[in-house]
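Asks:
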Amino acid sequence: MTDNSTLASRSAVIIGGGPAGLMAAEVLGAAGVRVDLYDGMPSVGRKFLLAGVGGMNITHSEPREPFIARYGSRSREIAALLEDFDSQALREWIHGLGIETFVGSSGRVFPTDMKAAPLLRAWLKRLRESGVVIHTRHRWQGWNADGSLRITTPEGALTVQADVVVLALGGGSWQRLGSDGAWVPLLQERGVEVAALQPANCGFEVAGWSEFFRDKFAGAPVKPVAIRLDDEPARQGEFVITAGGVEGSLIYALSSAVRERINATGSATTHLDLLPNRSQEQIARALAQPRGSKSMANHLRSRLGLDGVRAGLLRELSTADTYNDPARLAAAIKSLPLTVIRPRPLDEAISSAGGVTFAAMDERLMLKALPGVFCAGEMLDWEAPTGGYLLTACFASGRAAGLGALAWLEQRPAD
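Quick note, the sequence shown lines up with residues 1 to 415 if you use full-length UniProt numbering.
#1: Determine the extent of the beta strand (DSSP E) in which Cys202 is found, giving its start and end residues.
#2: How many Å lie between Arg399 and Ala353 at the Cα?
#3: Quick one, are the C-beta atoms of Leu37 and Gly21 less than 8 Å apart?
#4: Would you kindly report the start and end of the unbroken beta strand (DSSP E) that includes Phe102?
#5: Three or more C-beta pairs under 8 Å: does that hold for the stretch 263 to 280 against the stretch 329 to 346?
#6: Check whether the Cβ atoms of Ile99 and Leu124 lie closer than 8 Å to each other.
#7: Exposed or buried, what is Ser105 when buried is set at 16 or more other beta-carbons lying within 10 Å of its beta-carbon?
#8: Where does Met1 land, buried or exposed, given buried means 16+ other C-beta within 10 angstroms?
#9: Would DSSP call His135 helix, strand or coil?
#10: Across which residues does DSSP place Cys375 in a beta bridge pair?
#11: Determine the direct distance from the alpha carbon of Leu336 to that of Asn277, and round the result to whole angstroms.
#12: Would a C-beta distance cut-off of 8 Å place Ala256 and Gly377 closer than the cut-off?
#13: Look at the Cβ atom of Leu127, then the Cβ atom of Gly29, and state whether they are nearer than 8 Å.
#14: What does DSSP give as the partner residue(s) for Glu281 in the beta ladder?
#15: Which same chain residues, not among the five before or five after Met114, have their C-beta less than 7 Å away from its C-beta?
#16: For Asp321, which residues in the same chain have their Cβ closer than 8 Å to its Cβ, ignoring the five residues on either side in sequence?
#17: By how many angstroms is the C-alpha of Pro221 removed from the C-alpha of Pro385?
#18: For Trp183, which of helix, strand or coil comes out of DSSP?
#19: Measuring only the C-alpha atoms, how far is Ser130 from Gly32?
#20: So, do the stretch 206 to 221 and the stretch 303 to 310 have three or more beta carbon pairs nearer to each other than 8 Å?
#21: Between Ala116 and the rest of its own chain, which residues show a CB-CB distance below 7 Å, the 5 nearest in sequence each way excluded?
In C-alpha cells:
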C-alpha cells in the first residue's frame, strides 16, 4: 500500500460540501492526500443544518434487516455501502467528534443537544486540521477540453486539475441550499446514465378541494389517522391539509409508492382510517344510536369524537347518500378514499429520487465513463424515508467514494 508520504504528492478535488462530500474529504485528507473541496454556496453543510432544525435526527437504531429494507428497490446497493459504516459506526464516528448521542422513543438517534451546528463545527475543524482546504462560492461548471475542471467564482473562472475527483452535488430539492440538479446535463454529456430526478418525501396535490374545505382547513393537522395504499398495512400518524392537497410525515412515508403509482396510472388512491383506534363494527353501532334532533355533525362528535378536519374530510370525500346509512358511513370512516394526482414540485421535496444509476458506476462508486471520477450522496439513484436513513446513506456513500478514490490513487503511479 502507498504510504502517506507518497500520497502527499497526490491531489483530490471534492465538489459539494454536504455530508457525502465532507466525508469523502475526510477519508482522503486523513490518508495524506492534498484535498480541495469546492461548494457553490457561501458556506458548506447548508441542507445538513436545515435538517437539524427542530432536532438533528442523524440515524436510526433499528436492526440491520429492517433498516436496509427502508431503501426499497436500492436496498442491495445501499447495504453494500453500509457494510463497513452502518448506523452504529456513524454514531461512534460522531462520538469521536466529541458529540454524544441518544436514542429517542421512536428509535431515532439524535445528538444530545439536538443540534446540527456543533457537530458541523467540530467536523470542519478536524477537516481543516487534516489539511482539507474548503473553497466556498466556487461553482463547478463541468470539464474543459483537456479534462480539467471548470469552476466559476465571484472573482472569475478557474481551471483546476486533480488526480482524482469526487462529485457529491446533492439531488434536486431545495435549490436555495445548493441542490439544484444542474449537474445532470454535465454528466449526461459525458455519457453517464442519470435517472430523472423526482420528488421524494413530498406532499401531493388533489384534483381540487372545495372552496369551503380549503378555506376552513388548509394548514390543519389531521390526527390521529391511518393511511394505506392498496392492501399494504396501514400506517398511523398525522398529516396536514394544504391549499391544494396533503403533506406531512404520514404522507411522506408513502411518497415513493404513491409517486410511482401516479407515474404508472396518472393518479393514486389511498384510503384513510379516520378512527384508527375503533373497529368498523364499533363505529356502526355508535352511529345506529338514535340522534333525535341532533345534526349529523353533532351526532358524529358526541358518539365518536369525530369533528374538525377529520369530519370535514369525511364530508368532502364521501357522498351525501353515505350519511343515510350507518353501515356505509362506518365503512367510509374506516376506509375513506383520498385520490392524489401529482406530487408537489421537486424543489419543495425533502429529498429527491433518481440520479446517477448504480449501473453507471463500479463497486467503488467510480463512473465507468469517467475513470478517476467518483460520485456520492443524494446525487445517486436511491431514496429513503425520513428518520435518519437519508443522512446515514449519504455519510456511508461519501466514505465509500473516498475509499474508492484512495484505492484509485494507490493503484496508479504518480506522474
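Where a beta carbon is used, it is the ideal one built from N, C-alpha and C, also for glycine. All values derive from a computational prediction rather than experimental measurement.
Replies: Let me spell this out:
#1: Where Cys202 is concerned, there is no enclosing beta strand (DSSP E), given that its DSSP letter is neither H nor E.
#2: The straight-line gap from Cα to Cα measures roughly 21 Å.
#3: Yes, Cβ-Cβ distance for Leu37 and Gly21 is below 8 Å.
#4: Run containing Phe102: 101 to 103, per the beta strand (DSSP E) assignment.
#5: The way I'd put it, the stretch 263 to 280 does touch the stretch 329 to 346; three or more beta-carbon pairs between them come closer than 8 Å.
#6: Cβ distance not < 8 Å, so Ile99 and Leu124 don't count as in contact.
#7: By the 10 Å Cβ count, Ser105 comes out exposed.
#8: The pLDDT assigned to Met1 is 44, lower than 50, so where the model puts this residue is not dependable; a value taken from the coordinates is nonetheless given after this. Met1 should be labelled exposed.
#9: His135: strand per DSSP, three-state reduction.
#10: Within the DSSP secondary-structure output, Cys375 pairs in a beta bridge with Leu167.
#11: The straight-line gap from Cα to Cα measures roughly 15 Å.
#12: Checking the sequence, you will find Ser at residue 256 rather than Ala. No.
#13: Contact flag set, yes.
#14: The secondary-structure analysis by DSSP pairs Glu281 with nothing; it has no beta-bridge partner.
#15: Non-local C-beta neighbours of Met114 in its own chain, meaning closer than 7 Å and more than five positions away in sequence, comprise Gly55, Met56, ordered along the chain.
#16: The residues are Arg328.
#17: The straight-line gap separating the alpha-carbon atoms of Pro385 and Pro221 is approximately 20 Å.
#18: Correct three-state label for Trp183: helix.
#19: When only Cα atoms are considered, Ser130 and Gly32 end up about 8 Å apart.
#20: Yes, the stretch 206 to 221 is in contact with the stretch 303 to 310.
#21: Excluding its 5 nearest sequence neighbours in each direction, Ala116 has C-beta neighbours in its own chain below 7 Å: Phe48, Leu49, Ala51, Gly52, Met56, listed in chain order.
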